[in-house]
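J.: Attaching a single structure in structure tokens format; questions to follow.
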Amino acid sequence: MQVLDNLERTMAKFSRQNPSLRYLELLGYYKTMHVDGAAAQGIPPEQTFDGRSLPQHAARIRNIINVLGSKTILDYGSGKGKQYESLLIETPDGEKFPNIKAFWNVDSIECFDPAYVPYAQLPKGTFDGVVTTDVLEHCPKEDISWIVDEIFGFATEFVYANVACYPAKKTLPNGENAHCTLEPPNWWEEIFRSRIKRSPGLRYFAAYDVIKKSKNGEKTLATITGSGKWNE
10 MQVLDNLERT MAKFSRQNPS LRYLELLGYY KTMHVDGAAA QGIPPEQTFD
60 GRSLPQHAAR IRNIINVLGS KTILDYGSGK GKQYESLLIE TPDGEKFPNI
110 KAFWNVDSIE CFDPAYVPYA QLPKGTFDGV VTTDVLEHCP KEDISWIVDE
160 IFGFATEFVY ANVACYPAKK TLPNGENAHC TLEPPNWWEE IFRSRIKRSP
210 GLRYFAAYDV IKKSKNGEKT LATITGSGKW NE
């Protein structure tokens, strides 16, 4: 409960209209990287935050959409949105789809990313589902509460949140690691469970990327799933 108490205090202090100075600092870095690329890693701008983290979650999200019948989706923190361009997807039973929109069988997908000018305008209204992949760990801890509140506020049926719980390969222009909020899955679960109580009927599904050590000491990336909770 200490996590929630601290975050609730900061939530009263910071908001979309009044984010922390740290949030504004990081936002400036991400705007620069969208234009200049990740210089330290030699990644050109067109490949920097291009949306490549979402496709690996597309099948899980599709399962949720199929069950709920969702038709409108918001990608919160979408990057450049290239994940929704032509991308041949083939299912295990041989079905083929030309892009994720067709794969999900939805009417619309809207992208939002405050650091990328074409998608920087805050969305209006609500959406059946909100997906956010590889986003929250890039946000300052003091702003997490209002950001999560904003994400959940856009959704009427479900939220799919993927969070990386390990350091990023990318560094910011000032040399810092791009993942500034590194916390274990249970830390995030406490936040999501608290927020869902204010949205009866809304579901959230969380997927946490963690580093695990094998018996021989090798590190492997694993995704912990099946953490969906909702208040009925």
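Plus 9 on top of the position in the sequence shown (first one is 1) and you've got the working numbering.
All residues carry an ideal CB built from backbone N, CA and C; glycine is no exception.
Fair warning: this is a prediction, and the values are worked out from it, not measured in the lab.
Whole angstroms is fine: what's the gap from I205's alpha carbon to Y213's?
T.: The alpha-carbon atoms of I205 and Y213 are separated by roughly 8 Å.
J.: With contact counted as at least three CB pairs below 8 Å, one residue from each stretch, are the stretch 136-147 and the stretch 84-95 in contact?
T.: Yes, since at least three Cβ pairs between the stretch 136-147 and the stretch 84-95 fall closer than 8 Å, the two stretches touch.
J.: Tell me the start and end of each unbroken alpha helix (DSSP H) in the stretch 49-87 that is at least 4 residues and wholly inside, in chain order.
T.: Within the stretch 49-87, the complete alpha helix (DSSP H) runs of at least 4 residues are 67-77.
J.: Within the chosen definition, does the stretch 190-207 reach the stretch 61-70 through at least 3 CB pairs nearer than 8 Å?
T.: Short answer: they don't touch.
J.: Which residues in the same chain as P132 place their Cβ atom closer than 8 Å to its Cβ, once the five residues preceding and following it in sequence are excluded?
T.: Cβ neighbours of P132 beyond the five flanking positions: L83, E119, F121, F163.
J.: Less than 8 Å between the CB atoms is what I'm expecting for I220 and Y175, so what's the real figure, rounded?
T.: Yes, they are in contact, since the Cβ atoms of I220 and Y175 sit about 5 Å apart, within 8 Å.
J.: With DSSP collapsed to three states, give me the class of S29.
T.: Looking at S29 - three-state DSSP - the assignment turns out to be coil, as it is neither helix nor strand.
J.: Rank K178, I160, S203 by C-alpha distance to the C-alpha of F58 and give the top, closest one.
T.: Per the Cα distances, K178.
J.: Grab the span of the beta strand (DSSP E) containing F163 for me, first residue to last.
T.: F163 -> no beta strand (DSSP E), and no H or E assigned at all.
J.: DSSP on Y175, reduced to helix/strand/coil?
T.: Three-state result, Y175: coil.
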